[in-house]
Every structure is written in C-alpha cells, then in structure tokens.
C-alpha cells in the first residue's frame, strides 16, 4: 500500500535511504571508516575502497589480482563483469569455506556470511519472495541470491557443497524460479519435502484474455555451461545428475 501511495509507509516520501541497495552503501561507508579511507567519492571505481573490493573479489572468485572490468550499477556503485564460472566458484566457497583454498581470514568471513544468510532468510530478499522461501524451506542448506538482469547464484551447503551461477540471456525473471528449482532437483540438491514446500512458486497456467488455458512455463534445458555454471569448492565443474 505504501508503494501505491508513493511514500515510505510513514507518511514521508521515498528517498535514497529506502533504496534496496542502501544497506550495501551503508556497509561501504562503514568500511571506509574502518579502513581509514576518506568516504568522499566512495563509489568512484578508482576510490581505494572500490579497489579493495575488486581485489577481494578477485581472490574469492578466483579471477586473479587484476581489477575486473566494471560498469555503473543502478544504485551508482561499480558493478564488476564476472564470468559465470568465477561466480559459481565464489558461491562454492560460500558453501564450504574450509575447502575453498582461501586464507583463514577470508574463509572465516565467508562462513559468517553464509551462516547469517541461513539464519535470517528474510533479510536476503523479503517475505513472499522466492529466495527467502528457498532458504527457509531448506533450513539454510541452500542459500540463494538474485541479481539484476537475470542473474541468480546459489550455495548448496552440506556434505556435497556446490556453487551455482545462472544468467538468463534476456534479463527477465519470469522463468527464474522454476529453472532454479529444476536445476537443484537435477543436481540432487533439493529434497522432496523441500520441493513440495516451494510448490507455490511453480508457474501458473498461462491464460489469454478470454481466460482460456494456453500453456505453461516449463524448465527445458541442458546443463552445458553456457547459461549456467556449477562448481565445487575446489573450482571443479560439476555435471547434473538425477535427483
């Protein structure tokens, strides 16, 4: 209702503080204070903080030391070009930090991050959202995170840890949930009871203007590495297997 009124729900207009990226920016400003950087211009790609972020990404994603190419996100922060395989490696490290090959400090940070996401799924997306429901249904064993323009990544924690990265070429989200669920099932990463708990995210029957059923969205794909990448914590590609 607040969105329909165009206000924050408290009688005040929307501001940048209500942006869904405001927490990230607050974290960047806090990092500047912690690291002793001047916060002025903190979103400039050449700012020391952004250079540090790029270097950390290179380590965690296995992309190497050079700063990856970057663009400017909708929230004005730098956004980095990351190959799907590298993104999958990063989420595999989130799934099992101890096996990632990262130093103890970074592994500990990833462990705390994964545990926090698992314990507070409502803070990752929000009530009624697929990602929050997925984390809750699996009791934090599967942690997901959506990105802009059809990007989705997952960390499957547990005895067979996996990192998964998906990119929908058209940037749309209407088939995202069913593809994620189908992929997790093919990899044997989703238990029957967990899948049943997420049945509400199955695509509805498509109907035309007269209300006639004309079809439905189904996941029809091969895991060939072009649109999805799956990696274990050691950085090895993983092929799909039946659930």
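In the numbering used here, the protein residues as written are 17 to 259.
Just so it is clear, CB atoms sit at the ideal spot from N, CA and C, and this is done for glycine as well.
May I ask which residues mark the beginning and end of the beta strand (DSSP E) holding residue i?
i           : result
residue 72  : Not the beta strand (DSSP E): residue 72 falls in the alpha helix (DSSP H), residues 64-77.
residue 163 : 158-163
When burial is assigned at 16 or more other CB atoms within 10 Å of the CB, is residue i buried or exposed?
i           : result
residue 105 : buried
residue 88  : exposed
residue 116 : buried
residue 225 : exposed
residue 44  : buried
residue 133 : buried
residue 215 : exposed
residue 179 : buried
residue 112 : buried
residue 230 : exposed
residue 77  : buried
residue 34  : exposed
residue 31  : exposed
residue 138 : exposed
residue 170 : buried
residue 103 : buried
Using alpha carbons as the reference points, say which of the options lies closest to residue i.
i           : options            : result
residue 248 : 212, 101, 188, 140 : 101
residue 204 : 57, 175, 126       : 175
residue 135 : 70, 154, 117       : 154
residue 166 : 159, 181, 215, 152 : 181
residue 127 : 173, 51, 144, 99   : 173
residue 65  : 41, 222, 36, 78    : 41
residue 57  : 93, 157, 43, 74    : 93
residue 69  : 31, 108, 122       : 122
residue 228 : 63, 220, 235       : 220
residue 177 : 158, 191, 190, 164 : 158
residue 90  : 142, 36, 232       : 36
residue 218 : 149, 164, 30       : 149
residue 237 : 72, 51, 200        : 200
residue 194 : 233, 209, 129, 210 : 233
residue 95  : 61, 28, 75         : 61
residue 191 : 213, 168, 130, 97  : 168
residue 141 : 163, 124, 120      : 163
If you follow the alpha helix (DSSP H) that residue i is part of, which residue opens it and which one closes it?
i           : result
residue 170 : No alpha helix (DSSP H) contains residue 170, which is instead part of the beta strand (DSSP E) from 167-172.
residue 117 : It is not in any alpha helix (DSSP H) - residue 117 carries neither H nor E in the DSSP assignment.
residue 139 : Element bounds for residue 139: n/a, residue is neither H nor E.
residue 41  : 38-51
residue 153 : 146-153
Is residue i helix, strand or coil by DSSP?
i           : result
residue 181 : strand
residue 29  : strand
residue 194 : helix
residue 54  : coil
residue 60  : coil
residue 202 : helix
residue 34  : helix
residue 186 : coil
residue 112 : coil
residue 176 : coil
Taking 8 Å as the threshold (beta carbon to beta carbon), is residue i in contact with chain B?
i           : result
residue 187 : Absent from the structure is chain B; it holds one protein chain and no more.
Complete beta strand (DSSP E) runs within the segment 81-110 (minimum length 3 residues, chain order):
Fully enclosed beta strand (DSSP E) runs of 3 or longer: 86-88, 94-96.
Which runs of the alpha helix (DSSP H) fall wholly inside the segment 204-250 and span at least 4 residues, in chain order?
As far as the segment 204-250 is concerned, its whole alpha helix (DSSP H) runs of at least 4 residues are 208-213.
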